[in-house]
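To start, the structure under review is shown below, and the notes come after it.
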Amino acid sequence: MKADKGLKKNSPPARPKNRDPLRSARGLSALLAVAKTATQSLDTEQVLNDTLEKSLEILGFQAGYIRILDPNGRDLVVRAARGLTSPEFLANVVPLDSSHQSIGKIVHDTLAPYISPDVRKDPTFRHGFMAKEGLISAAWVPITSKNRSMGKSRFLGMMMVGSPRLHRFSEDQIDLLTAFGAQLGAALDNLNLYDEVKEGKDYIENLVESAGDAIVSTDFEHRILTWNAGAEAVFGYNKDEAIGRSLAFLLPPGAARELDDIRRRVEESGVMRNLELQRRRKDGARIEVAAAVSPIHDGSGRVTGFLHLAKDITDKKRYEERLKQLDAMKSEFVSSVSHELRTPLTAIKGSVDNMLDGLTGTLNEKQVRYLTRIKSNTDRLSRLINDLLDLSAIEAGKIELKRSRVALGALARDVAETLRPLAADKAIHLDVALADAGVTAWADRDKVVQVFMNLIGNALKFTPAQGKVTVAVARDGDGWVKVSIADTGPGIAAEEAQKIFDKFYQVAAAGRQKARGTGLGLSISKSLVEMHGGKIWMESCPGGGSTFSFTLPIEPPSSAGIIGGGNGS
Amino acid sequence: MGLKILLVDDEEDILEVIKDRLEAYGFDVVTAGNGVEALAKLRAERFDGVFMDVKMPEMGGIEALEEIRKRDPHIPVIIITSSSTREAAMATIGKGANEYVLKPFEWADLKAKIEKVFKIAV
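The listed protein sequences derive, respectively, from chains A and B. Residue 491 in this note's numbering sits at position 491 of the first sequence, with consecutive numbering throughout. If you want this note's numbering, it's the 1-based position in the second sequence plus 1000.
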C-alpha cells in the first residue's frame, strides 16, 4: 500500500479531520531543527542520527533505521538505528540488484514513501524480520538527492520508522517523514560536496605545504597571507614571523621598488615566469631565487593579490660560475697542452725530415729505416693531436662555420687530386662521378675539405691494392646535395655500423695494424656535417665494400623565409 | 735567390731545423729568440721576409706582427704557430700575417706557402 501524495495534495478540502494542530506545529519545528542540523553540521553520522531521532520523537516511536546507498551504488547499508536489536537489521547489507523483492528495492524503484499499517499482513515482509523486532506498523521514506540526473531524483537511501503497536499514519505524518527524507538528501548532497571539496582542498594544501619551493600568497599591498614550509626553508622565517608582514622584508637593500614593478607588470600582462631575483634570508645571507609571480583574482576579475613561487638557486648560480671558470681553465689548459705537444713534435719531425731529405749528409740503409720509423710515428702523433684539438674545439662549441657557396664537384676533384699519390701507391682506381657538375652547397669550405679528406682517406686506407674508390656528388631531393664515397674494401658488419662514428672507435679486424688512425676522423666528420644541418651514414655488407654518405644544404636555411617576407610586404 | 729572412722562435731546436731547411731552399737566414729581438734586428737590417712563432717570452708574435705592420705594411710575414686550433692559427692572417703554418707541419706545406707569398719557386 503506497501513499499517493500527489493526489492527496491536489484535494485539500478532503483532508482528514483528525489533523492535530499541535502535532503539526511540533512537526514544523522538528523539520526546522533537522534542516538546521543538516545544513550546519558537516558530520554525516550526526545528521543521520539527529534526523532519525527527531522523526521517532514526532511519532512517539522507538524503533527506526536509516539505510544509505553504499558508494558502490548497489548495497544499502545501515548508518543509523534506534531501538533495533537483531543483527539482521544492524549488520545486514541489502543488495539492490538481488532478484528477491525487498522494501529497499521498492523504495529505490518508486522513490515514494511506503506505508505498512500491519507488516504481519504485508507479503513484502514474509521473512519476518519486522515481526522478530516486534514491529507491527512501519513507514519507509526515500532519501533523494536534489541533483537530478536524467530528469529523475537520485536515490541515496531510505529511513524507516516503526511501532510495536498498530498505528494509523496520518497524512501530515507521511508528509513530514517525506520532508525529512528530502531534507536528509539535501544534507547528504552538501556533505558529499563538502567532502569532495575538502578532499581536494586538503590535497592541494598538502601539496603546497610539502612542496620544496617557497609558495607565498600576498594581498595587493604585498602583505603575506600564506607561507608554506618551503618558504620557511628558503627564507628562514617561520609562518608566525612571516604572515602579516610585507614581502618587502625579504628584499636586499636597494631593491625597494622591485615589488611595485612586479605588481605593475603582473597586473598588465599576467603571470611572470623565470624571474631571477635577489633575496635576503633571516640569517642575513643573500640568496638568488628563480621566481614566478601570478595574479590572484576575485570573483569580478579584479587583482586582489599575488602568488609568489620561489626556488633557491644560489647553489646553482655558484656552480654555473664555477663551471665558467673551469671552462676557461680547460681552454687555457688545452691551449697550453697544445703548445707543449706541438713544439717538441715540430723539433723531432723537422729534424728527422731534414736528415731523411739529406740535409745533414748521407745516411746508410739502416739509418734511413730507423728515421722513417720515427717519422711515421711522429706523423701519427701529430694527427692525433690535431684530431683531439679539433674535437675539443667542436665539443666546446668554439667552431664557427664560415659559410659560402661551395662548388662541391670542383672541391671533390681537388681533394681527389691531393690524395691521388696515396691511391697510386696501392694502384687504387680513384674516380669522381658528378651527376650535376655545377651543384653547390651552403657550407664552410675548409670543414667540407676536412670531411672529404677523412672519408676518402679512410676509403683508400681500407681498400686493398687494385681496388676502387668512387666519389659521387649529386642533388638529393629538394634543397640537399649528397656526397657518397664508395670503396671495394672488406666492408663493415651491421653491428659495427652504429659505432663507427663514436670517438676512438676502430673497426676491429686482424691485419689492419698498418691502417690504424686516431679513431677520431669519423667522429669529427659527423660533428662537422651535423653542424651544417646535414646527415652522415654508412651502408655496407661485409665483403661487399662500404659506402659513406653525407648531405649538405644547398641554400642558406633562412633565405627562403626572407624572400617570402619580401614578397608579402 | 739570396732572399734575406728573419726567423723568430724561442726554441733553439726549432730555429736550427727551420734555418737548415730554409738555407737548403736558398734563403739567407738570421734568427731571433723573441719579438723584442726581432724588432731590434728589423730596425738594424733590411729583410725580405719574416717567419715568426706566436708564443714567445718578452714579446709574442702577434704583438711583434702589429709593430712590424706599423713600420712596414708590405714585408711578407709567415706565422709558424703551435696554437691549439687551425681557427686560431688562421686568425693571424686577420692580424696582418700573409700566411700561417700550424706546427708540426709538412715541409711541403711550408714550401707551398713560401712560393705563394714570395711568388718564387724554391
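Just so you know, even glycine gets a beta-carbon here, dropped at the ideal spot from N, CA and C.
- Sorting E1063/B, T1092/B, E1023/B and D1013/B by C-alpha distance to the C-alpha of E1037/B places E1063/B at the top.
- Around A1024/B, the beta-carbon contacts reaching into chain A at under 7 Å are L359.
- The C-beta separation of G1060/B from G1035/B comes to about 6 Å, placing the pair in contact by the 8 Å criterion.
- Within chain B, W1107 have C-beta atoms less than 7 Å from the C-beta of D353/A, given in sequence order.
- In the structure shown, Y505/A falls within a coil segment according to DSSP collapsed to helix, strand and coil.
- Secondary structure in the stretch 172 to 246 of chain A: the alpha helix (DSSP H) runs of 4 residues or longer, each lying completely within the stretch, are 229 to 235 and 239 to 242 in chain order.
- E395/A is bridged by DSSP to nothing; it lacks a bridge partner.
- Judged by DSSP in its simplified three-state form, Q62/A adopts coil rather than helix or strand.
- Here T51/A carries a helix assignment [DSSP, helix/strand/coil].
- DSSP, reduced to helix, strand and coil, places T463/A outside both helices and strands of the structure shown, so it counts as coil.
- Per DSSP, the unbroken beta strand (DSSP E) holding A441/A starts and ends at T440 to D444.
- Interface annotation for the stretch 1071 to 1086 of chain B against chain A: I1080, T1081, S1082, S1083, S1084, T1085 and R1086, criterion Cβ-Cβ distance under 9 Å.
- Contact of G301/A with chain B is not assigned, every C-beta pair being separated by 8 Å or more.
- Within its own chain, the residues whose Cβ lies closer than 8 Å to the Cβ of I385/A, once the five positions on either side in sequence are excluded, are S338, L341, R342 and L345, listed in chain order.
- With a contact defined as Cβ atoms closer than 8 Å, I500/A and I492/A qualify at about 6 Å.
- Per DSSP, the beta bridge partners of M158/A are R67/A and P142/A.
- Within chain B, the residues whose beta carbon sits less than 9 Å from that of R342/A are T1081, S1082, S1083, S1084, L1102, K1103 and P1104, listed in sequence order.
- In terms of Cβ geometry, I428/A and L408/A do not form a close pair [threshold 8 Å].
- Between the alpha carbons of L96/A and V216/A lies a gap of roughly 50 Å.
- Nearest Cα to T110/A within the set M158/A, G73/A and R126/A: M158/A.
- Distances from the alpha-carbon of L1042/B to those of V1054/B, D1053/B, I1068/B and K1055/B put I1068/B closest.
- In this structure, A416/A sits away from V406/A, with a CB-CB distance that is not shorter than 8 Å.
- Q173/A has its alpha-carbon roughly 8 Å from the corresponding atom of L59/A.
- Residue burial annotation: S86/A is exposed, with fewer than 16 other C-beta atoms found within 10 angstroms of its C-beta.
- Residue range I103 to T110 is occupied by the alpha helix (DSSP H) that includes H108/A.
- At a cut-off of 8 Å between C-beta atoms, D390/A counts as an interface residue with respect to chain B.
- Per DSSP, M1056/B is not a residue of any alpha helix (DSSP H), being assigned neither H nor E.
- Of the residues assessed, T372/A falls on the exposed side of the cut-off, its CB having fewer than 16 other CB atoms within 10 angstroms.
- Note that the C-beta distance between L135/A and P117/A is not below 8 Å.
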